[in-house]
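Number of protein chains: 2
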Amino acid sequence: MSGSHLPWFQGGGRDVRDAEAYEFIDTETGPLLSSRSLEKQVAYEEGSTIDWLREEAAERERKRAMRSQRGLHGLLALVLDSAGMWLVIILTGVGVGVLGAWLDVLVKWLGDLREGRCTYGFFYNQVACCSGLDPGEICNEWQSWSEFLHVNSIFGQSLLQAAIYIALSIGFAGSSAVLVLTYAPYAFHTGIPEIKAILSGYVLDAFLGPWVLLIKALGLALAVASGLSLGKEGPLVHVACCWAFLLSRVFKQYRQNEARKRKLLAAAAAAGVSVAFGSPLGGVLFGLEELDTFSNDSDVMWRGFVTSVIAAVSLQYIDPFGTSKLVLFQVSESASTWRAFELIPWVFLSVLGGLLGSLLIKLNAAVAAYRRHSVLHEWPIVEVVGFTAITAAVSYLVVFLRVQSSELVANLFQECDPSKPDYHGLCNPTAVWANVFLLILTAMAKIGFTAWTFGMMIPAGIFLPTIAIGACIGRAVGLITQGLYRTYPQAWIFSSCPPDPTVRCISPGFYAVVGASAMLGGVTRMTVSIVVILFELTGALSHVLPIMISVMVSKWVADAFGKDGIYSIWIAMHQYPWLPARDFRDKGQTAAHVMKSAGSLVVISEDGQGCIVRELDELVRRHSFRGFPVVYGEQLLGIVMRDKLRACIEGLLAEDSAMDRKCTFLPPSRADEGGREIVNLSHLLEEAVLQLRKDVPLELVVNMFQKLNLRHILFSQEGKLMGMVTKTDIVWLLTADSAHAGALADR
Amino acid sequence: MSGSHLPWFQGGGRDVRDAEAYEFIDTETGPLLSSRSLEKQVAYEEGSTIDWLREEAAERERKRAMRSQRGLHGLLALVLDSAGMWLVIILTGVGVGVLGAWLDVLVKWLGDLREGRCTYGFFYNQVACCSGLDPGEICNEWQSWSEFLHVNSIFGQSLLQAAIYIALSIGFAGSSAVLVLTYAPYAFHTGIPEIKAILSGYVLDAFLGPWVLLIKALGLALAVASGLSLGKEGPLVHVACCWAFLLSRVFKQYRQNEARKRKLLAAAAAAGVSVAFGSPLGGVLFGLEELDTFSNDSDVMWRGFVTSVIAAVSLQYIDPFGTSKLVLFQVSESASTWRAFELIPWVFLSVLGGLLGSLLIKLNAAVAAYRRHSVLHEWPIVEVVGFTAITAAVSYLVVFLRVQSSELVANLFQECDPSKPDYHGLCNPTAVWANVFLLILTAMAKIGFTAWTFGMMIPAGIFLPTIAIGACIGRAVGLITQGLYRTYPQAWIFSSCPPDPTVRCISPGFYAVVGASAMLGGVTRMTVSIVVILFELTGALSHVLPIMISVMVSKWVADAFGKDGIYSIWIAMHQYPWLPARDFRDKGQTAAHVMKSAGSLVVISEDGQGCIVRELDELVRRHSFRGFPVVYGEQLLGIVMRDKLRACIEGLLAEDSAMDRKCTFLPPSRADEGGREIVNLSHLLEEAVLQLRKDVPLELVVNMFQKLNLRHILFSQEGKLMGMVTKTDIVWLLTADSAHAGALADR
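As they're listed, the protein sequences go chains G and U. The first sequence begins at 1 in UniProt numbering and counts up by one. The second sequence begins at 1 in UniProt numbering and counts up by one.
And the structure:
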C-alpha cells in the first residue's frame, strides 16, 4: 500500500515486519541522524546490522593506502599499525585480568562482611584476617557480629547474625539494582546474549559504554556478595567487552571499523571466560563454540588466545587470594582410576542433568515472560529486594545455601580427606542420608532461585549456579553409591573395587564434577568448552572420558526438549538479529517460502526517463527499509542502500533546484542520453548483489546468511526481480518455533 | 575453437586450463565411468571436487526419510543412525591410539637394533631389556653388537658398530622405499597436504586405501628407525585418516556421503595429532587451524575432540613404554619463573627460527623441484639408499645426530640436574663452548638433511626434525646465555638473578623449548596449536608467554619471506584444488580479472526450438568441463553439471531413436509447446546458481569460494551471461605467486 500512489512505485510492504523491526530508526533520533550520516558516510544507526562486506572493503582500502606509501614511510606506517593492534590486545588482556582480580577481592570481602568483621582492619576479608596462623590455632582476629556487639545469649546471637546477614544481603542486592536502574540499565543480566548478537554484527554501542563497565563491575560485586543464586562468569565477559570497547575508541583503526572492533571484542570475551574460570584454553574454545566467532579466521583465534593467556597470567600475577592457584575450584587428586560400574550412576546423573537443565531453561523463560507482562515490570527494585529477602532467609537456614556458591562448589569437588577439616559433616559416614537429603534440597532450592534470579534487574550469570546445582546432585549420587558400596561391599557389581574397604573405591567429589558438567551441558548446550574448563580442574586425562560422556548424554537428553541453550532462548526472546549456527532443516520448502515477492517490495523502478530527486527524497523519508531494489523495466539493476541514498540526496539538496532534477541508476554508458542535467546515481548501487533463483532449497538460503553474514539476498529469474529475503526474515524463521520468541522484544 | 562448428555452440575454450586440469577424467577410466554414473547418479570421479551442497542435500534427504517413518520405527532408525556414527567415532579413536602405540614400540625396537640386541629376547628394546634394575646397576642383558660377536679390539669394535649401524639404517630406509614404491606410492611423504586437499572436497580415494594404511605404517616405522631426519607426526595423521576411511566403508551412512566422510576424516586427523604428541587439545586446535576443518560447525569440532581424547586415552592405556607419560617429551619442572632480560635471547631465537624456518621451506621446495626434473626422478630407491648412507655416516660421527631425534629432543628439553646422568656431557660447565659448537653443527646438518629427506620416496614427517633443529639452536643460545651469566654474574643485565650463583637463574632446557616453538612457527606458520602442544610439555602457565612471543615473532619474520607454510607450498607444488584460508587482497581488480568471458565458454544455447540429444552427447564426450552454462537467447537459464547430463543422456540412449529427439532446458511451463516428443531437461539445471555482477571486487569472489566451498560462480548482468569463474581459476590465482607452483603437478 505504502507509496503506491507515487507513479514510479510498485506495490508496498507490510512495513512493521519488513522494516526489520529492531533495525528501525527510533523516531526521535531519526531526523538528527541525517546530518551525521552526511558528514560520515559509514555511520551505523544504533540497532542496525553492520555490513561486513563494506567494513572489510574499508579495511582493505586503509591497508592498501598504507602499503602504497613508498619506502620506509610506508613500512613504518604498517609496523605502527600492527604495533597499535597488539598494544590494544595486550592492554585488553591485562585490563581484564586486573578487573577479574579486583572483583574477586571485592566479592570475598563483601561476602564475609555479612558474617562478621576483622578486628585489626575493617577491609580484610576472613581469609586475609586469619592468615598467618599455625594449623589448629583458632582465629580470634575475625569476630562474628554478635561477638563484636557483645551479645551473649545464644538466641540473641543467632537472631542478630541472621538479621545482619539478611539485612546486608538485601542492602547489597538493592543497591546493585538501584545502581543498574539509575545509571546503566544495560548492565543487568548476563550480557552474553547481547554480546553474541553484537559479535555477529548487531550495532548496540550503548551496551558497551563506560558507564555500563563501571556499573556492571560494581553491581556484579554487590549482587554476588548478596548471596543471590547467580555467578560472575557471564557478566565478566560483558565487562571485558566493555573494557575492550573503551580501548577501541582510543585507537583510530578500531574506532572507524566495526568489523575490526568486533574481532577485538571476540578476543576480549575469550579473555573474560579465561579469567572467570582461570582456563585460557577454555576461553578460546568458549569463543569458538558459544560465541562462534573466529570461524574460519585463524588470526582472530590467535589474538583471542593471546588475549586470554595474558589475562590469565596477569590474574595469576596479581594473585588475589595468595593461593597461586589460577583455576576457580582446585580439585584434590581424585582416585587415579575409575571403574566401569561407575558409568551407571554417571549416566543416570547425565540424564538427570539434561532434564533439570532444560527444566531450568523453561522455568527461567516462563518467569522472564511473566515478569515482562506483570506488575513486576514496573517495580524492578522492589522485586529484587523482596526476592533477596526470601533467598537470604531460606539460605540462612540451609547450611549449604548460606555460603557463597563458589565456596560450596569448591568443597563439593573436594574428596574426603581425614587430614583436612570436614566440611559441615559432608564426610561423616554416619550422616550419609542426611547429607543426601540436604544436598538435594539445596539443588532444588537453587533451581528455583536461579530460574527467578537470572533476569532480575541486576548483573547475574548462570554458569556458577548451574555448576552448584550439578555439583550438589552429583555429590548426592556419589554419596548414595558410596553408601551402597559400604553396605554391600561384596555385591558382584562392586567386584572391581579393591578388596579392603579402607581403600577408597568411589570418590564422591568427582561425582560432583560429573554432575556439574552434566548440568552445564543441559543448560548451555556447549560441549568442548565445558569439558576443557572442567578438565583443567581434574587434570587427569582419564577423567576427561566420564566428563565427556556426561556432557554428551545430558546434551542429547536436553535437546530432546528443545534445541536451544539458555543464551539462544534469551536472544530469541529479545529477537536480536542473530542467526543460530545450528544447521536448519527445511521440510522441502524453497526460498519462495520466506521470500517477499517483488510485488510487496518498495522498489525504485527506472522507466526510461528516470525519476525525480524529490520523489527519492520522499521515498527515503517515508520508508525505513535498509535498502531498495532498483529495476529497469522488469530487469533488476541492483539494490541501493538507504543510508547511501539519503546521504547522496542530502548532498544534492545543497545545490538549489536540485529537488526537481532527474536522476537515473543506469550505468553512464547506457544513460548518457539526457546528458548533464540528469544525476547519475548508478555508483550508489551496491557492488555485490547476490542473486539466486527462488526455487533453491530454503536450507541453502539460511546457510548462506549464516556463513556470509549477509543482510539480504535478491532473487531473480532470467534477470527479472522475483523478490528478496532479509536477515530479519531468516531470524524470524529460525526463532519462530521457540516458545517465548519475542517475549521481551521492545516492539 | 572446440565444437564451434556445431550450430548451437558459442565460442570454445582453452581446454587444458579451463578443464580444471586435476579434475580431468584420466582417459583410460573415463569411458568406463559412464556405466557407474548411470547406476549411481552421485559418483565422483577420482580427482574431482565434491559438491558440498549436493552432498548436504543428500544427507538431509536421508535424515528426512528417516524422520518421516512413523512412531517407534522412525525413532529407532534415528537412534541406530546416531549410534552407528558414534561407534565409528569411538572405533576411529581407539584404532588410532593402538596404531600409535604399536608404531612407537616398533620404532624403538628397530632403532635400538642398530646398536645391539637383548640377550634374553631378541624382540626387547633396550629399555624393556634393561628394565627392573636398581639405579646404578649396569645392564648386562643388553649387548652391543661388538660384545655379541666378541670383537675385542677397540678399533674393530667401533668399526663393526659403525658398519652395522650404517648397514641397518640403509636396510631399513631401503626396504621402506621398496615397500612404498611397490605397493603404495601414495604412502610416501607426510600426507598432510593431500589430507588438507581431501578435507576441502578433493576426491582422492586411492590415497586412503587399506594398502596405503598398511604400507605407510610399516614404512614409517622403518623410515624413522633408519635414523633419517624425519618424524612420524604427519604420516601418523595420514595413517589415522586411512583407518577412518577404512571404517567409513563399512558403514553405509558414511560410504554414500562424501561430506560426512570428510567430517569423519577431520576427526581422525585430530586424533592422529593427539596421539603423535599426546595432546588431545593440540589435536583439535591443529584440526581447526592447519586443516581448517570444523569451521562454523561445532558438532564436527565436538566429534574431533571426542575422537582425539579417546585416541589419547587408549594410547595411555596401552602405555607402550611403561612410563605412564602421555606427552612425547616430558619436561622436568623448569625454573618456576623467568626474568625480563631473557626476552632478549628469546627474541633473537625467534628471529633466527623465522629465518631458518623459511630457509628450510625454500631449500625443501627447491630440492623437490630439482628431484622431479632430474635423473633422481627415475631412481627413487637409489636416492633413498644413497642419501641414507650419507646421513647414517655423518650421524654416526656426531653424537647428537646418532640418537633418534625424539630422544635428542627429550634430552635437550631437560634441565641439568645433578641427580640425573648427564647426557653426553651436555651439562658439563667446562665444555660449554664445545657443546654450543656441537649443537649448532647438529642443527645445520639437520636442516640440510631434512630439506632433502622430506619428499623422498618414503613416509616422512617434518614436525619432529623441525623441533629438533629448534631445540638444538635454543639449547645453544641457552648455554651461551648461561655461560655469560657464569662469567659476569655481576653484570647489570643479570641483576634480576638471585645473588648466589648456585641457584639456577637461566634454564637452558626451556630455551630449547622456545627455540623449538620458534622453528615450528617458522616452518608451519601455525600459532595456537603449536603453543598448546608445547604448553602441555612445560605445564606452567607463565611459560606460555615466552612460547607465544617466540611463535608470533618467528611467524612475522618468516612471513616476510613468503606467506605460505611448508604444507601450503607442497599443495601449491602439486596444484591440488585447495584454497588457502588466508585472506586474499586484490590490487583493486574486479572479478572480471579472473572471469572467463561468456565468449570463451562452451555454452549450451537454447534457441527456441531446442537442441538435439545427439549434439548434447557429442558435447559431453568432447569436453571434460565439469559443467556447461545454459542460455536461452542471451538470457542465462542456469548451469547443467556434466555428470548429471551424461547420466541422463545415457538413460535416454536406452530407448531407440532417442539420439534424434529434441530436448529443451526451458521450464515446462514455458516449453510445453512442442509437446510430448521434446525431452525436457530443465530438472538437470543446478538448483543453486550463484550469480554476481562482474564488477564485484576480486576479494569478494575469492572470499565466497573460500567460505561456501563453491565450485563455480556465474556472472550475469541483467540476466545475460557475462562469464564464469571456477574454483580452479581461484586456485591458480592464489598459488600463482608462490615460487614452485605446479612444479610437481602431474600435467
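Using N, Cα and C, we set each Cβ at its ideal position, and we do this for glycine too. Only a predicted model underlies this, so the values are computations on that prediction, with no experimental measurement involved.
Judging by CA-CA distance, which residue of the options is the nearest neighbour of residue i?
i	options	result
residue 705(U)	476(U), 137(U), 692(U)	692(U)
residue 345(G)	434(G), 473(G), 385(G), 230(G)	473(G)
residue 360(G)	312(G), 451(G), 272(G), 423(G)	451(G)
residue 439(U)	398(U), 454(U), 430(U), 418(U)	398(U)
residue 448(G)	457(G), 436(G), 468(G)	468(G)
residue 317(U)	257(G), 540(G), 137(G)	540(G)
residue 90(U)	122(U), 244(U), 174(U), 142(U)	244(U)
residue 744(G)	137(G), 309(G), 370(G)	370(G)
residue 270(U)	307(U), 49(U), 603(U)	307(U)
residue 606(U)	395(U), 596(U), 633(U), 185(U)	633(U)
residue 95(G)	262(G), 312(G), 131(G)	312(G)
residue 122(G)	103(G), 305(G), 145(G)	145(G)
residue 579(U)	199(U), 466(U), 619(U)	199(U)
residue 577(G)	49(G), 506(G), 374(G)	49(G)
residue 616(G)	594(G), 635(G), 641(G), 598(G)	641(G)
residue 207(U)	219(U), 227(U), 185(U), 225(U)	185(U)
Quick one: does residue i have its CB under 8 Å from some CB of chain U?
i	result
residue 699(G)	yes
residue 713(G)	no
residue 731(G)	no
residue 258(G)	no
residue 691(G)	yes
residue 338(G)	no
residue 272(G)	no
residue 756(G)	Past the boundaries of the shown model lies residue 756(G); chain G is included only from 1 to 747, so the question cannot be answered.
residue 490(G)	no
residue 312(G)	yes
Less than 8 Å between the beta carbons of residue i and residue j, yes or no?
i	j	result
residue 168(U)	residue 114(U)	yes
residue 277(G)	residue 566(G)	no
residue 221(G)	residue 110(G)	yes
residue 686(G)	residue 639(G)	yes
residue 535(U)	residue 544(U)	yes
Counting along the chain, where does the alpha helix (DSSP H) carrying residue i start and finish?
i	result
residue 715(U)	Segment 712-717 is the beta strand (DSSP E) holding residue 715(U); no alpha helix (DSSP H) there.
residue 170(U)	154-183
residue 750(G)	This structure cannot settle anything about residue 750(G), because the visible part of chain G is limited to 1 through 747.
residue 644(G)	642-654
residue 614(U)	613-622
Does any C-beta atom of chain G lie closer than 8 Å to the C-beta of residue i?
i	result
residue 69(U)	no
residue 707(U)	yes
Check residue i in the structure and name its three-state DSSP category.
i	result
residue 73(G)	helix
residue 404(G)	coil
residue 595(U)	coil
residue 143(G)	strand
residue 680(U)	strand
residue 450(U)	helix
residue 735(U)	helix
residue 421(G)	coil
Along the chain, where does the beta strand (DSSP E) that runs through residue i open and close?
i	result
residue 118(G)	116-118
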